[in-house]
Amino acid sequence: MKLDTLREQLNALDRELLEIAARRQALATEIARVKGELGLPTRDFGREREVLMRAGAHATELGLPTGLAESLLRKLIHASLATQEQARVSAQGQGGGQRALVIGGRGKMGRWFVEFLASQGFAVEIADPVGPAPGFAHRSDWQQGELDHDLIVLATPLGTTAAVLESLAKRRPRGLVFDIGSLKTPLRIGLEALVAAGTRVTSLHPMFGPDTDMLSGRHVIFIDLGDARAVADARKLFAHTMAEQVVTSLDEHDRLIAYVLGLSHALNIAFFTALAESGEAAPHLARLSSTTFDAQLDVASRVASESPALYFEIQSLNAYGDDPLRALEAAVARLRRIVSGRDEAQFVGLMTRGKSYLDGRSAMRAQT
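If you want the numbering used here, it's the 1-based position in the sequence shown plus 1.
Right, here's the structure in full:
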């Protein structure tokens with residue numbers, strides 16, 4: 002009976018914690034409204050630091066681990082920022098009753114854009130053979146009906162996007178058009194066809210997944226196809242989010258993405274392939290753990306859970322995709338030679354140069 006009583010008390014405390022979190026979220030919404038009126042940014046890193054330092058001090062006074070307090074407050078801060086960002090996007094969005102068509106709007110990223118645009122006041126229509134989504138207008142074939150929308154978003158598979166772009170160019174839509182493909186060189190002909198047709202067109206690459214609820218620290222890449230107005234209009238859609246905006250050319254995008262996505266994906270695919278083919282049974286390895294192995298295994302597990310078709314497209318359709326694969330192959334071969342040759346000096350050199358490179362990257366990110 003004493004155990005049951007204690008558990009009931011614990012349940013009551015859990016509910017109180019959730020009620021407090023709900024009140025905190027309500028305050029976050031009000032803070033977003035006030036910040037919007039004052040023209041203040043959503044995120045205040047100085048304020049976050051104060052909150053976390055105060056949490057650590059209170060935890061020490063209460064006899065709690067400071068790590069627990071900071072972890073809890075970080076999650077609450079993230080939730081508050083997500084609430085504030087969504088409130089600001091809704092209040093100051095660019096839709097204003099304009100009409101948007103999302104081709105492929107029933108896909109994961111397509112649905113993200115449907116919700117994102119709807120939150121900004123766009124009247125969103127979905128074009129997708131999969132079927133309608135509750136609350137949104139729908140057509141199964143984007144080519145059936147008028148294309149008089151203010152905005153057309155292509156959230157179609159990369160392998161079909163080029164053909165859709167070329168077909169769109171023949172229709173000469175009056176609104177802004179952009180795709181959200183992970184690669185751009187395979188879309189060159191279709192994008193250039195839209196430019197030649199006089200359509201306002203740019204190309205986006207949202208560097209996040211469909212489960213993203215807050216864009217702080219996330220990047221959205223905008224491809225400049227020679228229409229400054231199109232790029233500016235697309236950027237306005239994210240003006241009231243905390244996303245970091247990057248404008249680049251089509252070729253530079255794919256050259257960099259070959260490393261940012263291609264190399265990182267390949268490294269993890271090679272990692273779990275080596276494990277799977279090592280002859281070491283998974284149950285045996287499951288009993289072992291190390292900080293580095295567990296962290297790498299976590300990333301590799303997430304990669305292995307992604308769409309093989311999409312990842313194959315990223316590897317095979319990028320005109321610059323072979324460069325990082327050859328670099329990875331050379332790096333592994335070099336590491337093997339150094340280890341086989343018991344060359345400690347060369348090994349130390351690899352580690353030292355790697356640390357210097359990564360430290361420099363971290364410093365540059367901190368500055369931006």
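All C-beta atoms in this analysis are idealised placements derived from N, C-alpha and C, irrespective of residue type, glycine included.
For residue i, collect the residues of the same chain with a Cβ closer than 7 angstroms to its Cβ; drop the 5 residues on either side in sequence, then sort them by chain order.
i	result
residue 236	223, 246
residue 304	266, 269, 270
For residue i, does the count of other Cβ atoms within 10 angstroms reach 16, so buried, or fall short, so exposed?
i	result
residue 221	buried
residue 21	exposed
residue 232	buried
residue 312	buried
residue 353	exposed
residue 293	exposed
From residue i to residue j, what does the alpha carbon distance come to, in whole angstroms?
i	j	result
residue 332	residue 219	29 angstroms
residue 152	residue 200	11 angstroms
residue 273	residue 298	8 angstroms
residue 183	residue 206	6 angstroms
residue 350	residue 360	15 angstroms
residue 118	residue 30	20 angstroms
residue 16	residue 41	34 angstroms
residue 125	residue 113	12 angstroms
residue 60	residue 271	43 angstroms
residue 242	residue 203	19 angstroms
residue 111	residue 330	35 angstroms
residue 106	residue 140	10 angstroms
residue 345	residue 339	8 angstroms
residue 335	residue 309	29 angstroms
residue 230	residue 77	38 angstroms
residue 6	residue 19	20 angstroms
residue 174	residue 196	11 angstroms
residue 138	residue 186	32 angstroms
residue 278	residue 217	39 angstroms
What residues in its chain sit with their C-beta under 6 angstroms from that of residue i, if we drop five residues either side in the sequence?
i	result
residue 214	83
residue 191	163, 166, 167
residue 348	339
residue 67	57, 60
Among the candidates the options, whose CA atom is the shortest distance from the CA of residue i?
i	options	result
residue 98	150, 58, 258, 128	150
residue 256	209, 159, 319	319
residue 227	194, 147, 72, 208	194
residue 240	55, 13, 43	43
residue 100	293, 80, 210, 115	115
residue 316	102, 301, 291, 159	159
residue 238	143, 287, 170, 122	122
residue 161	104, 136, 355, 225	104
residue 321	283, 244, 258	258
When you compare the stretch 77-93 with the stretch 30-47, are there three or more beta-carbon pairs, one atom per stretch, that lie closer than 8 angstroms? yes
Would you check if there are 3 or more beta carbon pairs closer than 8 angstroms linking the stretch 319-334 to the stretch 260-272? yes
If contact is defined by three or more beta carbon pairs under 8 angstroms, each pair taking one atom from either stretch, is the stretch 124-137 in contact with the stretch 248-262? no
Mind the definition here: the stretch 44-56 touches the stretch 171-181 only if three or more C-beta pairs lie below 8 angstroms; say whether that holds. no
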